[in-house]
Amino acid sequence: MKVLFLVQKEQRAILDRLYDGVAAHCDCDLRWLTDQDQRDLRRYFKREVDVTRYDRIVFFLRFKQEIRQVAFIRSVPNLVILEHDAYQNYIPCKYTGKFSEHYRQLPWARVISSGYMVSERLRQEGFDAVFVPKGYDEQLLTDQGRERDIELAFVGSTKSVAYSGRKALLDELGQVENLVVTRTKSGEDYCNTLNRIRFFVSADVGMGEYMIKNFEAMACGCVLLAYDQGNEENRALGLVDMHNVVLYDSIPALQAKLRQLREAPALAARIAANGRALATSGFSFAEVGRSIVEHMKPALRPHPPLTAWQRLRLRLGF
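Residues in the sequence shown are numbered from 1453 upward in steps of one, following my numbering.
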């Protein structure tokens, strides 16, 4: 299968291994699009792309730019949209309902969503949506076996409106526990910091799916204290409370389990080991990339024939 894989050139997350994971399982033409390229996809395609060469054309681009160019995107054949932010469709933020609105104009496109319940809800709305979880870079992030001198911590951003629930919970927890909240550079610095943390607090409040940090923390050997996203999401990912993860739905519940783990370090070590085993077996970018390719292979919904005007615009790039 010949795949054109369009990704963002400028982004904070290091996703090279994910792209490698996709490329390992198909004939992949990976293109890194600048912000300018993403703002004018019609011109980029006119200049750089022969759509007839590809069995699948995959967008992993800024949603902000996609929704402004629907008229052109409707002309792209064999379209698959890889989306890690569609949970914002169902939470209070500037993109509430916007993903559904966008996909409604592209009913033949396949959407690969990183949330199980997000994909379920999109399917219930009639879209061709499938689930492939987020993952982690197995080459950058590993358990180094070092001493964990930070007991309780969160590493990451709390500034976005979408993270308002995260910030509120961390602020509340910080009032009753000695919680470290910090940010690091991506890569080695981030890995080193995760390897210093015994209990990693994941506070994906109200998001309906687990963010990438959960898998990164598990892979680095932290005991993951994760805000519970519900039975269906947990089952889809293989998360089992007090076996490979510690789930909570309130600060008192988190504190009660934290007390239990402090009194039973062997139990904490076992949960960390089981979590690391789950992450390394199922959520490495190599595995996630393989799954993405498997989910893009089945036949797509029929794309209506292009109008003469669409064919002309596609050819001339205006």
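Note that the Cβ used here is the ideal one computed from N, Cα and C, for glycine as well. Since we're looking at a predicted model, the values are computed, not measured.
Legend entry - Unbroken alpha helix (DSSP H) run spanning Glu1603, endpoints: Where Glu1603 is concerned, there is no enclosing alpha helix (DSSP H), although the beta strand (DSSP E) it sits in stretches over 1602-1607.
Inset, instruction - Quick one: measure Cβ to Cβ for Leu1677 and Val1653, integer angstroms, because I've assumed they're closer than 8 Å. - result: Rounded, the Cβ-Cβ distance is 5 Å, consistent with contact.
Legend entry - Nearest candidate by alpha-carbon position, reference Cys1545, set Gly1617, Leu1592, Ala1561: Gly1617
Legend entry - Beta-carbon proximity check, Ile1703 vs Glu1603, cutoff 9 Å: Result no, Cβ atoms of Ile1703 and Glu1603 do not sit closer than 9 Å.
Inset, instruction - Consult DSSP for Ile1525 and reduce its assignment to one of helix, strand or coil. - result: helix
Legend entry - Uninterrupted beta strand (DSSP E) stretches inside the segment 1575-1654 (no shorter than 3 residues): Runs found: 1580-1583, 1602-1607, 1632-1634, 1649-1654.
Legend entry - Assigned secondary structure, Arg1714 (DSSP; H/G/I helix, E/B strand, else coil): helix
Inset, instruction - Just mark Arg1403 as buried or exposed, buried being the case when its beta carbon has 16 or more other beta carbons within 10 Å. - result: Here the chain covers residues 1453 to 1770 and nothing more, so residue 1403 does not appear.
Legend entry - Local conformation of Leu1772 per DSSP, three classes: Because residue 1772 is not part of the residues shown, which for the chain are 1453 to 1770, the question remains open.
Legend entry - Member of Ala1669, Pro1585, Pro1750 whose CA lies at the smallest distance from the CA of Cys1643: Taking only the C-alpha atoms, the option nearest Cys1643 is Ala1669.
Inset, instruction - Could you have a look at Arg1505 and say whether DSSP puts it in helix, strand or coil? - result: When DSSP states are grouped into helix, strand and coil, Arg1505 belongs to the helix group.
Legend entry - Backbone secondary structure at Ser1571 - three-state DSSP: In the displayed model, Ser1571 falls within a helix according to three-state DSSP.
Inset, instruction - Give me the Cβ distance between Gly1587 and Glu1739, rounded to the nearest whole Å; I'm assuming they're in contact under 8 Å. - result: 7 Å
Inset, instruction - For Arg1562, write down the residues that DSSP places opposite it in a beta bridge. - result: Val1532, Asp1580
Inset, instruction - Would you kindly work out how many angstroms separate the C-alpha atoms of Arg1495 and Asp1489, rounded to a whole number? - result: 8 Å
Inset, instruction - Using three-state DSSP, classify Gln1681 as helix, strand or coil. - result: coil
Legend entry - Cα-Cα separation, Ser1456 to Ala1688: The amino acid at residue 1456 is misidentified as Ser; the sequence shows Leu. Using only the alpha carbons, I get a separation of about 29 Å.
Legend entry - Where the beta strand (DSSP E) through Leu1482 begins and ends: 1479-1485
Inset, instruction - For Ser1736, name the three-state secondary structure that DSSP assigns. - result: In the displayed model, Ser1736 falls within a strand according to three-state DSSP.
Legend entry - Nearest-angstrom beta carbon gap, Gly1660 and Val1745 [assumed within contact, 8 Å]: With 8 Å as the limit, Val1745 and Gly1660 do not qualify as a contact, their Cβ atoms being about 25 Å apart.
Inset, instruction - Just mark Ala1708 as buried or exposed, buried being the case when its beta carbon has 16 or more other beta carbons within 10 Å. - result: exposed
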